[in-house]
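The structure under discussion appears below in the form of structure tokens.
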Amino acid sequence: MTQLFDQTNRSQTCFPGVLPLICSFTFSLFIVSCTAPDPEPSPYEAGVVVLNSGNFFDNNGTLSFIQGRGTTVNTDIFRTANTRPLIGGMQGYTEIDGKGVILVDNSTVGQDKVEIVEIGTFKSLGTLAAPDIENPRQVIQVGLNKAYISCWGATGDFSNFYPNPGYIAVVDLASRKVVKKITVTKGAERMVLSGSEVIVGNEGGEKAIAVVDLTTDEVKSRFDLGTNPQPIGLDAAGQLWVYSAKEMIQMNAQTKAIGSRLKINSPTDRYVGLITIGKERQNIFFSHYYYDAADGYKQKGEMYSFSTRDAAISLATPYINRFFSGFGIDPTNGTIYAGVTPSYKQSGYVLRYQPDTRRVVDSVKVEIAPSGFYFK
Amino acid sequence: MPHFRRKDNGSVVSKNNLVQKRIVCRLWLAVLVLVSGSAVGQQEPISLSTVTVRATAPERFLAGQKLQRIDSVTLRQFRFQNLSDLLSMNSPLIFKNYGPGQLSTVSFRGTSPNHTAVLWNGVNVNQPMTGQTDFSTLPTVGFDQVSVQYGSAASVVGSDAVGGSLLLRGLPNYSEPGLKATIGYQFSSFQNQQAQAALHYAGPGTGQGQFAGKTVVYGNQFNNRYPYRERGYYYVEPSSAYQRGLMQDFFWRNRRNNQWSLNAWFTDNAVTVAPNDVLGRERTRTQGYRILSSFEADKWTVRLGWIRDVLDYAKSDFSKPSHSLTDRLLTRLEREFGRGPWQVRLGGEVVHYRTQVDGYGGKLITENRADLYALFRYQTTRLTMSANVRQGFVSRFNPPVTPSLGLDYKVIQRERGGLTARASVGRSYRVPTLNERYWQILGNPSLRPESGLNTEIGLTGRTQPTSQLVLTADLTAYRNRIDDWTYWNPDRNYRVENLQLVVAQGLETATMVAYSQGRWRVGGRLGYALTKSSQQRAYDVYARDIVGKQLPYVPVHNLSLTAYLEHQELRLTVRNQLQSRRYSTFDNSQSLPGIMLTDLVAQAPFRLGSVRMQLQGQVNNLFDALVLTVKQNAMPGRNYALSVVLEK
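Heads up: the protein sequence lines correspond to chains A and B, in order. Be aware that the first sequence starts at 1, since it is given in the working numbering, and climbs by one per residue. Be aware that the second sequence starts at 377, since it is given in the working numbering, and climbs by one per residue.
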């Protein structure tokens, strides 16, 4: 973990020899001690950052912090550190070279933001706003102090929701500025870093995947794969997995040659989401959900998993028989973190599951609609 | 004091048309100060201005419940503002604001926006799709009478009157034959402007009869050119809006005092959020067309009405909005009987709904609703009692029967003052809105109607220890238990949430004082409301987190304080509103901060020959307080307005 504060002044001892007596005497007279004061505590060093989406039109998304792997939760840590709220829904969070990058999605156009904070204290270092940032979707690190943030741009009405192609905002975190915008596909969404390339998917109804060269920050190539392709990540064998239209596609990350296509055989009213690669990169988890017309169109579903070496995906036995609003896997011990949202107008819970037994270990209350996790 | 005579049906006609209007107006003001805050019992001689008032059903048949009539001084002071501004400062009604000029919905006694009926000349004009009214589209100008009816009035009003009702009326002014023209213009901060014009007319009273009427036209343009984009880290949402309307009332009474009336009210309002962003801008346009014709004779009343509500919502491309249209055709028939202290009103109403909404699938949906009611009133010198019963009928399901019982009792009755006690109990219901029943995917056609039980007790006292000092005080305690509550999130993207059982209870007090000394006049009004409204039943394991917690957007404490100083006709008013914080979540985990707003208003009349001119300057949000909307945007800071009204 990067040290954020200058530690060179620490434990400066008094002059040796004659003066320790004077030192201890003056110590009692003056507030300034011979040793430099302890550095300000960083309350958010080790633990889990929980992204709470909030209720869209209330613009009340927040970040919670679970201390260590315990049950103590600090709520609304951005506001605690900066005495102002984020004012929007939480769309994403990641940490890059000592800086946290928070994607904030406001319900009104032109009011979205990216907040850059100091990790550990969450004090604000800078803000990126409109017109550079509009509907930010995901942030990944692509180099030293360098981030790619995929953005949709402004959305239109429902008949033409993505009027313009999306873009990637190239952000220099040292200067806290957007240095370039790379035009990609409509509804630019998930990104996967693979060597010197970034594979970009989209939600805009297009079939194309864009491949961006991060040394030049330009689109290197595009190729069609399937509707709304979502790059998931690289597995243990270095193969790239992409999800599109109820298919999990495995392909060679460099040549882009398709290795296999695994179908998810389910009716058209079932949807797939929360696709996550497991800790050992040998399993992929996903949520399979639907809206129950007989129960007020409540969202219901289960979690499933399959191995990257499987020949087919089976929906016979769910991995966990429950619908979640967020899903994450602790890279240290494989514990499953699952977000539960009773409603968008009350706090949600994070349930922790043992990965082997699939039993609930415990649950902690967080904030509204927990939808993502960042482990540190 | 002018003579007047009570007619059999309880209305009052002034006989003496020659009394100086000024004196009557002043007495009228004093009396309004006295009687507002208690149910208007029409037994004793009240100094009414020379306007014929036929009381509406809620005013006459809801003994035991509080009726607050907004005085004409306040109506004139707020003439360029809308009713949500006026009611925030003069009543315990809470408004949920989405931004300046944007949607403003009401919460009355801890209930939700579709638990308040808005009656225009006795007809419920809540939009049938949402079951609500956008109070930012209700202008103050144009209504001759604005009253707040507290508590459930389902037995008299029908659906929606669960927390209370707002009564808006247009009244004829037969006592002033001739033509009176008024024209007004207001210029305010951020390049906002308003204009209005009114024409009041009445024919000479001949042997045949008399006509009277008014025409009011208004237009408001909110350009909202704020000099700032942010206030204290919160964005000030860019928006623009226009509001325009036309009101036309026409009355004719014949020599037997039977009256025909025609009331029309057309409105066209549009709000555009982020107007400069061609892709992301959103526009909501609502239009209302309302025409009501009535015939009132001694015993019979017949009414026919047509109300059309149009809602258009568009994003980025405004030429292809999502369109919703609902027509209501209304017929009402009433008959009154009276004998001695008893009065009975029997009535029936049939409403035919025709709606075509893109969100319902675009097909035409029709529905019929009917109501039958019987209202009883018993009156002696000290006691007024009312017992009512009403049954609604709706296509495809039936609301519960809603009886009510109430009484007013004059405990003390002296020359210089009095004390009245009141108590009432009544059932209420709310028919699910068209959205709740028919909206594609999120609606539920088999939703049950909500039913409530409201009980309240109160005391009103008034005293006039000297001829210069008038004091009134009012205290009410209520408990409203509402079952099968369906909470519709007005944000529209989210499902209907069923709250099941809500108990809203609280305390309301209002004190008014008026003191005059020579040419000086000073006075004020202090209102305070304590509201506790929460869910009582847990229906799943997560609902345990929200049982017993205050409902969102209902502040526990609400205080409004108005004080004025008047010399001759120059008047300075200070208005304050204080509200404790409002939770934005069911489990009270998040809240919007409390509100403290202060306005300062200065009014000065002038005379230019035969034309009367009224100049009004005001400072709104005097202390530049930061007030947040529900979307966590900042409302604008201190702003100014200057208006001129000419009257001839």
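C-beta: ideal position from N, C-alpha, C; glycine also. Model, not experiment: these values are computed from the prediction.
Item: Hey, could you find the ends of the alpha helix (DSSP H) Arg436/B is sitting in?; Value: Ala433 to Arg436
Item: Can you say whether Trp718/B is buried or exposed, counting buried as having 16 or more other CB atoms within 10 angstroms of its CB?; Value: exposed
Item: Consult DSSP for Thr80/A and reduce its assignment to one of helix, strand or coil.; Value: helix
Item: Does DSSP classify Pro651/B as helix, strand or coil?; Value: coil
Item: If Asp328/B sits next to Ser698/B, beta carbons under 8 Å apart, how far is it from one beta carbon to the other, in whole angstroms?; Value: Outside the shown range of chain B, which is 377 to 1024, sits residue 328/B, and nothing can be said about it.
Item: Measuring straight from C-alpha to C-alpha, what distance separates Cys151/A and Glu134/A?; Value: 6 Å
Item: Specify the secondary structure class of Asn466/B as computed by DSSP and reduced to three states.; Value: helix
Item: Please confirm if Cys23/A has its CB atom under 7 Å from at least one CB of chain B.; Value: At Cys23/A the pLDDT is 49, less than 50, meaning the model places this residue with poor confidence; the figure from the coordinates comes in the next sentence. Output row for Cys23/A: interface = no.
Item: If we ignore side chains and look at the alpha-carbon of each, how far apart do Asp975/B and Thr885/B end up?; Value: 22 Å
Item: May I ask you to report which of helix, strand or coil DSSP gives Leu810/B?; Value: helix
Item: Contact between the region 908-918 of chain B and the region 449-469 of chain B is defined here as three or more beta-carbon pairs at a separation below 8 Å; is this criterion met?; Value: no
Item: Within its chain, find whatever has a CB closer than 6 Å to the CB of Lys556/B; leave out the 5 residues flanking it on each side and keep chain order.; Value: His576
Item: Among Pro553/B, Thr862/B, Met465/B and Phe642/B, which one has its Cα closest to the Cα of Leu514/B?; Value: Phe642/B
Item: Alpha carbon to alpha carbon, how far is Leu845/B from Asn1015/B? Give it in angstroms, no decimals.; Value: 35 Å
Item: Determine which residues share a DSSP beta bridge with Arg958/B and list them.; Value: Leu968/B
Item: Express the C-alpha separation of Arg445/B and Val522/B in angstroms, rounding to a whole number.; Value: 6 Å
Item: On the premise that Val360/A lies in contact with Tyr349/A, defined as a C-beta separation below 8 Å, what is that separation, rounded to the nearest angstrom?; Value: Their Cβ separation, rounded to whole angstroms, is 11 Å, which puts Tyr349/A and Val360/A out of contact at 8 Å.
Item: Using DSSP's beta-bridge definition, name the partner residues of Gly899/B.; Value: Ala890/B and Tyr940/B
Item: Can you tell me whether Gly518/B is buried or exposed, with buried defined as 16 or more other CB within 10 angstroms of its CB?; Value: buried
Item: Taking the alpha-carbon positions, what's the Leu795/B to Thr836/B distance?; Value: 6 Å
Item: Answer with yes or no whether the minimum CB distance from Arg84/A to chain B is below 7 Å.; Value: yes
Item: Around the Cβ of Ser564/B, are there at least 16 other Cβ atoms within 10 angstroms (buried) or fewer (exposed)?; Value: buried
Item: Here's the rule: buried if 16 or more other CB atoms are within 10 angstroms of the residue's CB, otherwise exposed. What is Trp404/B?; Value: Residue placement at Trp404/B is flagged as unreliable, the pLDDT there being 31, under the threshold of 50; a coordinate-derived value is accordingly withheld.
Item: Compare the beta carbon distance of Gly993/B and Leu973/B with 7 Å and say whether it is the shorter of the two.; Value: no
Item: Straight-line CA distance for Glu743/B to Ser535/B?; Value: 15 Å
Item: Name the DSSP beta bridge partners of Thr707/B, please?; Value: Leu680/B and Val726/B
Item: Taking Cβ-Cβ distances shorter than 9 Å, what residues in chain A pair up with Leu459/B?; Value: In chain order: nothing, as chain A lies at least about 24 Å away.
Item: Tell me whether the beta-carbon of Thr506/B lies closer than 7 Å to the beta-carbon of Asn811/B.; Value: yes
Item: With contact counted as at least three CB pairs below 8 Å, one residue from each stretch, are the region 314-325 of chain A and the region 286-305 of chain A in contact?; Value: yes
Item: How would you list, in chain order, the residues of chain B whose beta-carbon sits under 7 Å from the beta-carbon of Lys146/A?; Value: What Lys146/A touches in chain B: nothing, since even the nearest Cβ is about 28 Å away.
Item: Using the Cβ count rule (16 or more neighbours within 10 Å means buried), how would you classify Ser347/A?; Value: buried
Item: Would you mind stating whether Gly724/B and Leu706/B have Cβ atoms separated by less than 7 Å?; Value: no
Item: For Ser266/A and Ala312/A, I'd like the C-alpha separation in whole angstroms.; Value: 13 Å
Item: Give the single residue among Tyr729/B, Phe752/B, Ile858/B and Thr756/B whose Cα lies nearest to the Cα of Ala746/B.; Value: Tyr729/B
Item: Does the distance between the C-beta of Asp447/B and the nearest non-hydrogen atom of the ligand MN fall short of 6 Å?; Value: Ligands in the displayed structure: none, and consequently the ligand MN is not present.
Item: Please confirm if Gly585/B has its CB atom under 7 Å from at least one CB of chain A.; Value: no
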